[in-house]
Amino acid sequence: MPLLVMKFGGTSVADLDRIKNAALKVKREVERGYDVIVIVSAMSGKTNELVGWVEQTSPLFDAREYDAVVSSGENVTAGLMALTLQEMDVPARSWQGWQVPINTTSAHSAARFVSIPPDNIEAKFAEGMKVAVIAGFQGLSPEGRITTLGRGGSDTTAVAFAAAFGAERCDIYTDVDGIYTTDPRISSKARKLDRIAFEEMLELASLGAKVLQTRSVELAIRYNVRLRVLSSFEDTDETSGTLVCGEDEIMESKVVSGIAYSRDEAKITLFTIEDRPGVASAIFGPLSEAGVNVDMIVQNISEKDYDESHPGAVTDMTFSCPINQVARAKKALEDAMGAGIIKYDDLIIDTDVAKISVVGIGMRSHAGVAAKMFQALSAENINIKVISTSEIKISVLIDRKYMELAVQALHDAFELEKSA
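Structure representation (structure tokens):
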């Protein structure tokens with residue numbers, strides 16, 4: 001039988017009525033001739049509740065017990081989904097991570113997949129089971145302990161199963177009906193995309209789009225797993241939603257496919273650092289050790305400083321990082337200064353910035369994207385603080401108060417409301 005993987009997020013299984021609605025979608029695929037692997041998240045809000053209970057019980061908690069507690073939300077959903085399908089006369093059973101088994105590393109709350117042996121589930125399919133309902137987000141460490149994959153891990157679980165079982169497709173059911181050119185809450189002109197390339201989706205996910213978890217897209221690229229994002233709350237068919245696929249499946253696309261934004265950014269600048277070999281390593285080494293996720297980096301042109309305290313050439317270094325990592329970054333840099341690893345005159349932190357990005361595989365073969373982007377922002381009197389580019393992306397840091405205006409201006413400039 002052809003195999004399909006279907007993943008339902010927390011809002012899609014938030015209560016018994018929604019679980020029944022999801023089960024009806026699964027039953028429809030079974031009736032079309034598929035064997036189905038269903039990956040479920042915990043019911044909406046349940047994981048946050050479980051995390052809260054752990055933190056109240058033990059502020060300095062044992063990560064192994066944390067995983068044992070927070071993984072239980074998915075177990076409940078999996079059992080309820082299997083029972084609901086059975087009531088619909090669909091042969092189904094639930095599987096927890098250790099029963100598959102989903103083998104992972106030992107990094108509790110941030111585990112990564114090692115292997116997913118298909119033998120146990122395939123044996124049950126051979127016996128007549130039509131649906132395997134898998135508790136997402138969890139796995140089994142080499143020590144035999146329950147692990148979890150980090151927030152958003154059920155998306156990654158779904159893609160991993162699709163890769164391990166050679167699924168025809170992996171359908172991600174959520175509370176939106178597909179991938180849009182930008183956030184419809186910001187631009188009323190946002191348009192749902194029929195298809196988007198893996199690389200574009202990875203950039204959008206990493207730059208702030210919340211529809212798919214970044215690790216799941218990385219895994220889909222590695223194993224060429226076709227993804228489809230569609231709504232749990234609408235009637236759907238084989239053409240619904242947005243297909244995330246290889247570039248070769250997209251006949252023609254616009255130069256820019258989407259506009260992403262992230263409001264949770266901060267800009268940190270080190271003034272008057274030595275301009276010498278190894279200074280960048282001296283700055284970003286301690287930041288890496290402190291777990292700071294550095295993004296955009298800009299170094300000013302070197303200047304000769306004739307001040308007695310700066311006998312050589314000096315420069316300034318600016319970088320961005322998530323706003324919730326600012327305190328960690330500040331401490332790492334101050335500690336490095338105190339230890340004599342680096343030397344700077346001042347450390348300025350700006351937490352009132354946002355990152356705006358334009359993304360599109362068409363940028364590889366078309367010139368002028370940067371010029372059009374900068375002209376559109378200039379026309380709205382929006383100043384650019386930092387610029388970063390890659391083959392299919394241009395990102396800028398701007399004042400946060402202009403974020404929505406910038407998204408709307410760029411969406412209009414690249415005419416994303418129109419199809420290719």
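Under the UniProt record's numbering, read the sequence shown as residues 1 to 420, first letter to last.
Ideal Cβ positions, reconstructed from N, Cα and C, are used throughout, including at glycine.
Taking Cβ to Cβ, would you say residue i is nearer than 9 Å to residue j?
i: residue 413; j: residue 372; result: yes
i: residue 132; j: residue 30; result: no
i: residue 201; j: residue 227; result: yes
i: residue 128; j: residue 256; result: no
i: residue 175; j: residue 12; result: yes
i: residue 166; j: residue 111; result: no
i: residue 47; j: residue 73; result: yes
i: residue 350; j: residue 272; result: no
i: residue 320; j: residue 296; result: yes
i: residue 232; j: residue 27; result: no
i: residue 105; j: residue 19; result: no
i: residue 225; j: residue 274; result: no
i: residue 441; j: residue 33; result: A query on residue 441 cannot be resolved here, the shown segment of the chain reaching from 1 to 420 and no further.
Can you tell me whether DSSP reads residue i as helix, strand or coil?
i: residue 284; result: helix
i: residue 219; result: helix
i: residue 248; result: helix
i: residue 54; result: helix
i: residue 137; result: coil
i: residue 129; result: coil
i: residue 298; result: strand
i: residue 105; result: coil
i: residue 425; result: Shown here, the chain extends from 1 to 420; a query on residue 425 therefore has no answer.
i: residue 236; result: coil
i: residue 17; result: helix
Determine the direct distance from the alpha carbon of residue j to that of residue i, and round the result to whole angstroms.
i: residue 408; j: residue 261; result: 11 Å
i: residue 116; j: residue 187; result: 41 Å
i: residue 197; j: residue 339; result: 46 Å
i: residue 241; j: residue 56; result: 40 Å
i: residue 168; j: residue 246; result: 14 Å
i: residue 389; j: residue 358; result: 10 Å
i: residue 113; j: residue 98; result: 13 Å
i: residue 40; j: residue 324; result: 29 Å
Excluding the five sequence neighbours on either side, which residues of its own chain have a C-beta within less than 6 Å of the C-beta of residue i, listed in chain order?
i: residue 375; result: none
i: residue 108; result: 63, 64, 67 and 147
i: residue 14; result: 43 and 44
i: residue 346; result: 271
i: residue 163; result: 223 and 225
Which residues in the same chain as residue i place their Cβ atom closer than 8 Å to its Cβ, once the five residues preceding and following it in sequence are excluded?
i: residue 335; result: 286
i: residue 425; result: Residue coverage of the chain in this structure runs from 1 to 420, which leaves residue 425 outside it and unanswerable.
Closer than 8 Å to a non-hydrogen atom of the ligand COA - does that hold for the CB of residue i?
i: residue 329; result: This structure simply doesn't include the ligand COA, nor any ligand for that matter.
Measuring only between beta-carbons, confirm whether residue i sits less than 9 Å from chain D.
i: residue 272; result: Absent from the structure: chain D. Only one protein chain is present.
Cβ contact (3+ pairs, closer than 8 Å) linking the stretch 62-79 and the stretch 133-145
yes
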